[in-house]
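Trainee: Counting from 14, one number per residue, gives the positions in the sequence shown under our numbering. The beta-carbon is built from N, C-alpha and C at its ideal position, and this holds for glycine as well. Submitted below is the structure of interest, expressed as C-alpha cells.
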Amino acid sequence: MHNQLVSYKLVTDKASRMQGVTIVFDDAQSKVGQLSDDIMATIHPFLCFETDPSFIEHKIFVQINQLCLMGKIATSLPKEQVVLLIAPCDDVTEALIARCEALFENGYLLGINNLTEDDNRLVLLPFTQYVTQHINLLSNRTLALLKGHNTILIATHIHSLAQKEEAERLGCQLFQGWYYLEIKPDPSKKLPLNMRVIIELIAELNSDGCDSTLEKFFRENPTLSLQMLKLVNSAAMGVGKEVNSIRHAIMILGRGQMMRWLQVMLYAQDDTAKVPTVIMYKALWRAELMELLSTQCDHHGSLAHHDSVFMTGMLSLADILLNESMENVIPTMGLSVMIQEALLHKKGIAGMLLKLVEALEQARFDEVKMLAGQLNIDDEIVATCQKEALIWANKVASGIGE
14 MHNQLVSYKL VTDKASRMQG VTIVFDDAQS KVGQLSDDIM ATIHPFLCFE TDPSFIEHKI
74 FVQINQLCLM GKIATSLPKE QVVLLIAPCD DVTEALIARC EALFENGYLL GINNLTEDDN
134 RLVLLPFTQY VTQHINLLSN RTLALLKGHN TILIATHIHS LAQKEEAERL GCQLFQGWYY
194 LEIKPDPSKK LPLNMRVIIE LIAELNSDGC DSTLEKFFRE NPTLSLQMLK LVNSAAMGVG
254 KEVNSIRHAI MILGRGQMMR WLQVMLYAQD DTAKVPTVIM YKALWRAELM ELLSTQCDHH
314 GSLAHHDSVF MTGMLSLADI LLNESMENVI PTMGLSVMIQ EALLHKKGIA GMLLKLVEAL
374 EQARFDEVKM LAGQLNIDDE IVATCQKEAL IWANKVASGI GE
C-alpha cells in the first residue's frame, strides 16, 4: 500500500464538536483501478482499534466509485465507522441498486454526494444514511428530495457562520468547512484566569525563568496543576511512569516538553468563551504535522528548531482563541524572532511549513506539492506524516476530554 496526498476535512456538529473526517483525494494522483488501494492505505491507521482506539467514536467519510462499491473493499471496511459516499456515475444499474440494498441490509453505512433534482442516484436514497450537500446546492427543492428518507444531511463548504446558520435553518445536522475560524470568544468577558496564567507561564519559560518560579505558578493555580498532571500522564505523552507532582513533571519532561503541553492546555480550558474543540484539534494537528515535516526537510536543525516549529503550529490559531490580532498576541508570550516571522509573515522554514499545512487543509494539492518541493520533502512523506499527526492530535484531544 502506498501513501498519496489527501486532505482531511473535519465534520462537526451544531456545537462545533468533531464528529468525523472526510477524506479528499488528489485526483491528479489517483489512477484508474487504484482507488481501492488508495482508500485502504489512507484509512488503515484510523482502524487499528486494538492499538489505538482514539478514533473509534468518529466516522470516516470517503467517496467511492461504482467499481469499488461493487468490489471487495466495500465489505472489507468496518461497517460501524466508515461511510461510503457514492460518487456520481453515468449509469445506475440494477446490479448497483441490488448491491446498495444488500450493503444497507447488512448494516453498512452509505451516503450520496451533492444530489440534484434529475440525479440518477435518487433511486439509491432508500439505502443511504447520509447525504453530503455543497452549501451552494442546498435549497428547499433539494431538501424535498430527502422527504420520507431517514438520512443525516451534511452541509459542505461551510466557510462562514452565516452559511452555517443558513444550513441549520435548512435542516442540516452536520457541517464541513472552516466556518469555526470565525467563532470568537465574547469580547465583553475577560480571559479566564487559567488562560492568563498559561500565557504568563509561556512567557516565563521563553525568558528562561527558574524552575521554582514555574512551580510557584502551578501551586497558586491548583486546577491548572491537575490539568497538567492529567495531560502528561495520558497515553499520548508516553512518559512510561507516573508523574505525581509539577516538580517531577519538570524533571521528567524538561522545559521544552513543558512548553508544548502548556500550549495544548491553552486550547483546553473549559471557559465561558465557548471556543469550539475543533479549534484544538486543528492546532494540535498543525503543530505535530509541522514538526514531523521539519525533521524530514533539507533545512532541519536542532531540537530547539523543531520545538519552535511545533510552537508555530500550536499558536497559529491563538488569535482566534484569545480574540486578539496576532500582532497583539505575540508580545505577551516572549516568542523568538523565528516564530514571530512565521506567524506574522509566513517567513522562514516554519512559515513555509505553516503555508503547506494550511494548503493541505483546503485540498490545494498543487500548492502543497510546490511547497514540499521547495522543502525537498517527498509527497509520500507528507502523506505519512499527516496521518500520524491526525491520529496523535485525536489521541491528545481524547485524553484531555476524559
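1. Any idea what DSSP makes of Leu177, helix, strand or coil?
2. Is there contact here, the stretch 210–224 with the stretch 260–276, by at least three beta-carbon pairs under 8 angstroms?
3. Leu356 to Gly326, Cα distance in whole Å?
4. Does DSSP put Tyr294 in a helix, a strand or coil?
5. Report, in whole angstroms, the separation of the C-beta atoms of Met293 and Met241, which I expect to be a contact under 8 angstroms.
6. So, Val95 versus Ile125, is the Cβ gap smaller than 7 angstroms?
7. What are the boundary residues of the beta strand (DSSP E) that Ile333 is part of?
8. Any idea if Ile390 is buried or exposed, counting beta-carbon neighbours within 10 angstroms, 16 or more meaning buried?
9. Can you name, in chain order, every residue of its own chain whose Cβ lies under 6 angstroms from the Cβ of His261, other than the five neighbours on each side?
10. State the CB to CB distance for the pair Tyr121 and Lys85, rounded to an integer number of angstroms; the pair is presumed to be in contact (CB under 8 angstroms).
11. Just tell me which of Gln309, Ala168, Glu371 and Leu328 has its CA closest to the CA of Thr25.
12. Which word fits His170, buried or exposed, when buried means at least 16 other C-beta atoms lie within 10 angstroms of its C-beta?
13. Return the CA-CA distance between Val75 and Asn127, expressed in angstroms with no decimal places.
14. Nearest to Leu275 by alpha carbon, out of Ala331, Met303 and His318?
15. Here's the rule: buried if 16 or more other CB atoms are within 10 angstroms of the residue's CB, otherwise exposed. What is Met264?
16. What residue range does the beta strand (DSSP E) around Gly124 cover?
17. Quick one: residues in its chain with C-beta nearer than 6 angstroms to the C-beta of Gln399, no 5 flanking neighbours on either side, listed in chain order?
18. Going by C-alpha distance, which of Leu116, Pro139, Gly161 and Glu130 is nearest Gln146?
19. DSSP three-state label for Ala100, please.
20. What's the C-alpha gap between Asp379 and Ala296?
21. Distance check for Leu18 and Asp392, CA to CA, integer angstroms please.
22. With respect to the alpha helix (DSSP H) encompassing Ser89, which residues constitute its N-terminal and C-terminal limits?
23. Assuming the contact rule is C-beta atoms closer than 8 angstroms, Glu304 and Val322 should be a hit. Round their C-beta distance to whole Å, please.
24. Pick from Leu98, Asp39 and Leu23: whose alpha carbon is nearest that of Lys382?
25. Provide the residue(s) that pair with Val37 in DSSP beta bridges, ordered along the chain.
26. Would you mind working out which of Glu374, Leu187 and Ile333 sits nearest Glu195, comparing C-alpha positions?
Mentor: Quick look at the numbers:
1. Stepping through the sequence shown from its first residue, residue 177 is reached at position 164. First, the amino acid is wrong: residue 177 is Lys here, not Leu. Under the three-state reduction of DSSP, Lys177 is assigned to helix.
2. Output reads yes: the stretch 260–276 touches the stretch 210–224.
3. Locating residue 356 in the sequence shown gives position 343, counting from the first residue. Locating residue 326 in the sequence shown gives position 313, counting from the first residue. Gly326 has its alpha-carbon roughly 9 angstroms from the corresponding atom of Leu356.
4. Mapped onto the sequence shown, residue 294 falls at position 281. DSSP places Tyr294 in helix when its eight states are reduced to three.
5. Numbered from its first residue, the sequence shown carries residue 293 at position 280. Numbered from its first residue, the sequence shown carries residue 241 at position 228. Met241 and Met293 do not touch by the CB rule: their CB atoms are close to 16 angstroms apart, not below 8 angstroms.
6. Counted from its first residue, the sequence shown places residue 95 at position 82. Counted from its first residue, the sequence shown places residue 125 at position 112. Ile125 sits away from Val95, with the two beta carbons spaced by 7 angstroms or more.
7. In the sequence shown, residue 333 corresponds to position 320, counting from 1. Looking at the DSSP string, Ile333 is not in any beta strand (DSSP E); the run it does join, the alpha helix (DSSP H), is Ala331 to Leu335.
8. Along the sequence shown, one-based indexing puts residue 390 at 377. Ile390 counts as buried, since no fewer than 16 other beta carbons sit within 10 angstroms of its beta carbon.
9. Here residue 261 refers to the residue found at position 248 of the sequence shown. For His261, there are no CB contacts under 6 angstroms within the same chain when 5 residues up- and downstream are skipped.
10. As a first step, residue 121 is located in the sequence shown; it is residue number 108 there, counting from the start. As a first step, residue 85 is located in the sequence shown; it is residue number 72 there, counting from the start. The C-beta distance from Tyr121 to Lys85 rounds to 13 angstroms, too long to fall under 8 angstroms, and the pair is not in contact.
11. As a position in the sequence shown, residue 25 is number 12, starting the count at 1. Distance from the Cα of Thr25 is smallest, within the candidate group Gln309, Ala168, Glu371 and Leu328, for Ala168.
12. Within the sequence shown, numbered from 1, the residue matching residue 170 stands at position 157. Classification for His170: buried.
13. Here residue 75 is taken as the residue at index 62 of the sequence shown, counted from 1. Here residue 127 is taken as the residue at index 114 of the sequence shown, counted from 1. Looking at the two C-alpha atoms, the distance is approximately 14 angstroms.
14. As a working mapping, residue 275 is identified with position 262 in the sequence shown. Comparing Cα-Cα distances from Leu275 to each of Ala331, Met303 and His318, the minimum goes to Ala331.
15. Numbered from 1 along the sequence shown, position 251 holds the residue referred to as residue 264. So Met264 ends up on the exposed side.
16. Within the sequence shown, numbered from 1, the residue matching residue 124 stands at position 111. For Gly124, the enclosing beta strand (DSSP E) covers residues Leu122 to Asn126.
17. On the sequence shown, position 386 is the one that residue 399 refers to. Around Gln399: Leu302.
18. Locating residue 146 in the sequence shown gives position 133, where the first residue counts as 1. Residue Glu130 is the option with its Cα nearest to Gln146.
19. Numbered from its first residue, the sequence shown carries residue 100 at position 87. Coil.
20. If you number the sequence shown from 1, residue 379 lands on position 366. If you number the sequence shown from 1, residue 296 lands on position 283. Approximately 23 angstroms, taken between the alpha carbons.
21. Position 379 of the sequence shown, counting from 1, holds the residue named residue 392. Position 5 of the sequence shown, counting from 1, holds the residue named residue 18. Here the alpha carbon of Asp392 sits roughly 6 angstroms from the alpha carbon of Leu18.
22. Mapped onto the sequence shown, residue 89 falls at position 76. For Ser89, the enclosing alpha helix (DSSP H) begins and ends at Ile86 to Ser89.
23. Here residue 304 corresponds to residue number 291 of the sequence shown, with the count starting at 1. Here residue 322 corresponds to residue number 309 of the sequence shown, with the count starting at 1. Going by Cβ atoms, the distance from Glu304 to Val322 rounds to 5 angstroms, so yes, they are a contact pair.
24. Mapped onto the sequence shown, residue 382 falls at position 369. Here the closest residue by C-alpha is Asp39.
25. For this step, residue 37 is matched to residue 24 along the sequence shown. Looking at the DSSP assignment, Val37 forms a beta bridge with Ser20.
26. As a working note, residue 195 is residue 182 in the sequence shown. It is Ile333.
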